[in-house]
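Numbering (my numbering), first residue to last: 83 to 863. Right, one structure below, let's go through it.
In structure tokens:
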């Protein structure tokens, strides 16, 4: 008994000395009268484990100190009191209070911290945290889009056409557009529209364009056409980016919780949040006013709800965001009628800046030899009211000096929207691009009001323009629009116009009816004092697929009595149409075709008219494979295994998928979907990763003539892979080339089967008559 007791005491002494030696590695520190002892503990914050043991300090009163790094990991605010120093790090006391409670468990060496939400640092994240995929580099190629319409009537035969030719590469897109007409009565004419080189930079949301283009507008200065160079901000090439200040909603969670966000009572999305204050920014909303609602649900099922209002206008910019356009070149005259009619040189620039989320400022300047102009504007969001925009511009020209002043108020909501804008200009005010005899109205007023009424939307609108040297103009109107659900959509309207010595009132309405199977009907009728009663009725059936056909017919009565019918069909290489029309005792027939010719990566093709971006699928000889774009069938690959996808969304993520069931048995894919983010007006070669696998079906028997038992596994001597036998002794072995040798164990005995794969084009040869022999000499077929 004493011997056992002595051994036990000796073991305890060894363990104690070992523990003391380990503790000696973490030296204690004395701070005044406090002895601080280092200790490793597993920490949990409001029930959530930290994930790794933390080095803490403990004083003689059982209070704990944590490093500044640990406070940052836990998202806890640093206490205001002075820290203590330990091995070069600052440690802060976890001071117990009503807001912070600590509890240590000696059993598992853990520390549980319960902290009030106010003690946490605020965590802010975007509502949509997803990242755009990288841009897909453009291929090298070109295209020719064409539209041709031939018409034959009793008095005239004519041909109208439009064409766009472009070349693209990673350096940008060069394009030019033309229109032309030839007829038996008026001869032939061809006009060039625009020719330019465009370079888009999605990373910086900017575009550089050299050639014919349109300038940006400014305060009391509409855009003008010119040829030169333009550098501008372009938010459209960053899909999903919203330049306006989207709202932020915030809250605080005591426990890990789920947040549901509603916009005007519609669930927008859900997020998981950690304990502490949080903010979710950039919540997607529509323009106008509304309400955001946040529902916070913690792990115990308790819910809290908070609501805030918002107002958004597309004229606003986020705080710190720049929008700009700078141009220099020569004014374009007689666009669409003359190809190379250019005027005087101009420079023009505008710059907008989000001073705050509620205040956006803009500056604008333009100058040519005969006209100089400068202006500034501001857009202010006033909570509870809406948007107030103001502008002021000055000009100097041969007609003298002038000024223009504008102010507007806009308020939009689901139940009532109101807007009013007025602009005044002096007699000498001119802007670039004005015709010599053109006048700027002395006073312009525009007003509208939209409101809900009788399950529909009603509205009033008014426009007035006062001139100095000609008759004033005004237009007033009212409308009512209602969705009739399964029947269709109805819109009624009345308009009263005054100007140019004429006064007229028009009353009418139109009804759109959905007929199912991609068909719709349209009925319109109106009455005015000049042409009395007139109306129309039409029927349309659109194509069910991109390669389908469409047809329709319409008739007009009243001041014009005429009718027409049309039929069109889309094929893989072009679209064709025919139309017949009759009216006023005359008949006409029109034949049309549209499509594209192009080349990319050395391959020429013909296709339906190309959109803003296109793709060429290459499957290297895999024919008749169905290809889908964003879930919609585009077509099937041709003999060469290629297919043109004529319309893809530029700068956005496009998902392309092939039909796996259409692939030959010897084709193995690494995925049936690929994602492409193309540049605008460019093409991409799209490939799916796959390889051909030439396997063989071996029919193996034993020496007694019976089939190799199902489930027997044959081992490849070359690759050391095993392949199971199925019923009838059939074994599928992939990637067999030349001579093969396989081994199996049947009823405790080892046997070997050998043979040769025939050198033919059969993707999956079936080799029968193979025997698995036990002797040392391997059998062959």
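Idealized CB from N, CA, C, for every residue including glycine. In this text, all values refer to a predicted model and were calculated from it rather than measured experimentally.
With a 10 Å radius around the Cβ and a threshold of 16 neighbouring Cβ atoms, residue 794 comes out buried. Per DSSP, the unbroken beta strand (DSSP E) holding residue 386 starts and ends at 385 to 394. In the three-state scheme derived from DSSP, where H, G and I count as helix and E and B as strand, residue 286 is classed as coil. Counting along the chain, no alpha helix (DSSP H) covers residue 308; the unbroken beta strand (DSSP E) around it starts and ends at 307 to 315. As the crow flies, the alpha-carbon of residue 443 is around 39 Å from that of residue 249.
In the structure shown, the three-state DSSP call for residue 154 is helix. The three-state secondary structure of residue 418, taken from DSSP, is coil. Residue 747 and residue 845 have their C-alpha atoms spaced approximately 8 Å apart. Of the other Cβ atoms in all chains shown, fewer than 16 fall within 10 Å of the Cβ of residue 840; this residue is therefore exposed.
The closest CA to that of residue 403, considering only 440, 371, 607, is found on 440. Under the three-state reduction of DSSP, residue 578 is assigned to strand. DSSP places residue 199 in the helix class (H, G or I) of the three-state scheme.
Excluding residues up to 5 positions away in sequence, 506, 548 lie with their Cβ nearer than 6 Å to the Cβ of residue 525 in the same chain. The Cβ atoms of residue 251 and residue 261 lie no closer than 9 Å to each other. C-alpha of residue 149 to C-alpha of residue 161: approximately 11 Å in a straight line. With a cut-off of 8 Å on Cβ pairs, the stretch 715 to 732 is in contact with the stretch 689 to 704, counting three or more such pairs. C-alpha of residue 387 to C-alpha of residue 317: approximately 35 Å in a straight line. Close CB contacts of residue 303 within its chain, under the 8 Å cut and outside five residues either way in sequence, are with 446, 448, 455, 457, 475, 513, 514 (chain order). Residue environment for residue 152: buried (at least 16 other C-beta atoms within 10 angstroms of its C-beta). Exclusion of the five residues before and after residue 856 leaves 831, 833 as the residues of its chain whose Cβ lies within less than 6 Å of its Cβ.
Cβ-Cβ distances below 7 Å link residue 534 to 497 in the same chain, with the five nearest sequence neighbours on each side left out; the list follows chain order. A residue is called buried once 16 or more other Cβ atoms fall within 10 Å of its Cβ, and residue 280 is buried on that count.
In this model, residue 270 and residue 263 are separated by some 6 Å (Cα to Cα). In the DSSP assignment, residue 587 falls within the beta strand (DSSP E) that extends over 584 to 598. By the neighbour-count criterion, in which a residue is buried when 16 or more other Cβ atoms sit within 10 angstroms of its Cβ, residue 671 is exposed.
In the DSSP secondary-structure assignment, residue 853 is bridged to 783.
Comparing C-alpha distances from residue 836 to each of 769, 853, 829, 184 shows the shortest one belongs to 853.
Burial check for residue 804: the Cβ neighbour count within 10 Å stays below 16, so the residue is exposed. Closest in C-alpha terms to residue 278, from the list 265, 287, 266, 308, comes 308. Going by C-alpha positions, residue 516 is about 25 Å away from residue 544. With a cutoff of 9 Å on beta-carbon distance, residue 761 and residue 738 are scored as not near each other. Secondary structure at residue 743: helix, using DSSP grouped into helix, strand and coil. Take residue 703, set aside five residues on each side of it, and the residues of its chain with a beta-carbon closer than 6 Å to its own are 723, in chain order.
In the same chain as residue 622, and ignoring 5 residues on each side of it, the C-beta atoms closer than 6 Å to its own belong to 602, 634, in chain order. Residue 666 places its beta carbon less than 9 Å from that of residue 642. Cβ contact annotation for residue 246 (same chain, cutoff 7 Å, sequence separation greater than five): 227, 257, 259, in chain order.
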